[in-house]
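These protein sequence lines are chains A and B, in that order.
Residue 13 in this note's numbering sits at position 13 of the first sequence; the count goes up by one each step and never skips.
Quick note, this note's numbering runs 1000 ahead of the 1-based positions in the second sequence.
Even glycine gets a Cβ: it sits at the ideal position worked out from N, Cα and C.
Some notes on the structure that comes next.
There are 2 protein chains.
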Amino acid sequence: MARAATTSDAFNAIAEPQRREILVLLRGGERPVTGLARDLGMTQPQASKHLRVLREVGLVRVRGAGKQRLYGLDARGLRPVHEWVGGFERFWSESFDRLEEYVQELKQARQEGPHDGDDQ
Amino acid sequence: MARAATTSDAFNAIAEPQRREILVLLRGGERPVTGLARDLGMTQPQASKHLRVLREVGLVRVRGAGKQRLYGLDARGLRPVHEWVGGFERFWSESFDRLEEYVQELKQARQEGPHDGDDQ
DNA sequence: TTGACACATTCCGATATAGGCATATGATGG
DNA sequence: CCATCATATGCCTATATCGGAATGTGTCAA
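Given below as structure tokens:
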């Protein structure tokens, strides 16, 4: 099996730097493909492909406007990502030493070893 | 060119679901490879490989403990991810309709079209 | 030293990516 | 209907993944 598809979820979709840049640009409002491509220094086909991925995971939506197709941000799909990562917040907001202490406290509190059946 | 290496940054590293699960488990404290593998229903080599990736991007660190190697969380690398995604917070906390309004207001405020030179 | 246990690495195959380039599709204005 | 601009797709290559199975490496205990 290969890596999970870039279109499998938001996590995979935003793993690509250029797609992240596209999303950032779209915060400023809807943009046509060519505009994005130019601003990001990529070719038009590249932009279209990235936008396709973003559209498939639902992070952007399209709207025809004459010849152009305006892509707009739909950040709702980023919320789960934010929440998942946020679950680690206290682990980086404290220094390592204090973190270790914290973990130790947890262990003590549970009055047991590192974990049940971690061996073998 | 292929996709960016999974070890290129935290974004790519956490794109893999199993690696995310590993990180979650590690919030409970240090764990040996076999323990993680068993809890996640994966083989030991698989766990080792994923842990290697996580270690290369700095999301976990290892510590030898006799025969075992205890892997621990180092969530600092997740902070940039959290901040990046957080930059989109207001775009999902508001409904779409209101969001559109907001974007329109921005445009009006700048008294110009969607963007400068978005055509061609 | 040897055996056993914990873990890492390697080789394989299947798959899918991102980039480059050419070209097809779509809508618009004459 | 045609030329044109804006986008989308198709094709090809190089690369790297993840999974599986086998095997290498390291540590401890007797």
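Under 7 Å by beta carbon: chain A residues contacting residue i
i	result
residue 1073(B)	91
residue 1079(B)	92
Assigned exposure category for residue i - 16 Cβ within 10 Å defines buried
i	result
residue 45(A)	exposed
residue 64(A)	exposed
residue 1029(B)	buried
residue 1016(B)	buried
residue 1066(B)	exposed
residue 1006(B)	buried
residue 13(A)	buried
residue 2(A)	exposed
Under 7 Å by beta carbon: chain B residues contacting residue i
i	result
residue 14(A)	1011
Interface flag, residue i vs chain B, CB-CB below 8 Å
i	result
residue 54(A)	no
residue 51(A)	no
residue 37(A)	no
residue 112(A)	Its pLDDT being 41, under 50, residue 112(A) is placed unreliably by the model, and the measurement read from it follows with that caveat. Residue 112(A) does not count as touching chain B.
residue 76(A)	yes
Contact set between residue i and chain B, taken where Cβ atoms lie within less than 8 Å
i	result
residue 40(A)	The contacting residues do not exist; residue 40(A) stays about 13 Å from chain B at best.
Short Cβ contact (8 Å threshold) for residue i with residue j
i	j	result
residue 76(A)	residue 54(A)	no
residue 21(A)	residue 51(A)	no
residue 1088(B)	residue 27(A)	yes
residue 1059(B)	residue 1004(B)	no
residue 1081(B)	residue 33(A)	no
residue 70(A)	residue 31(A)	yes
residue 92(A)	residue 1025(B)	no
residue 73(A)	residue 36(A)	no
Cutoff 8 Å: residue i Cβ touching any chain A Cβ
i	result
residue 1086(B)	yes
residue 1109(B)	The pLDDT assigned to residue 1109(B) is 47, lower than 50, so where the model puts this residue is not dependable; a value taken from the coordinates is nonetheless given after this. No, no contact with chain A.
residue 1063(B)	no
residue 1060(B)	no
residue 1020(B)	yes
Any non-hydrogen atom of the ligand NAD closer than 7 Å to residue i Cβ
i	result
residue 1021(B)	Among the components modelled here there is no ligand, and therefore nothing to report on the ligand NAD.
Partners in chain A for residue i, counting only beta-carbon separations shorter than 9 Å
i	result
residue 1004(B)	15, 16 and 17
Residues that residue i contacts on chain A, provided the C-beta gap is smaller than 8 Å
i	result
residue 1027(B)	87, 88 and 91
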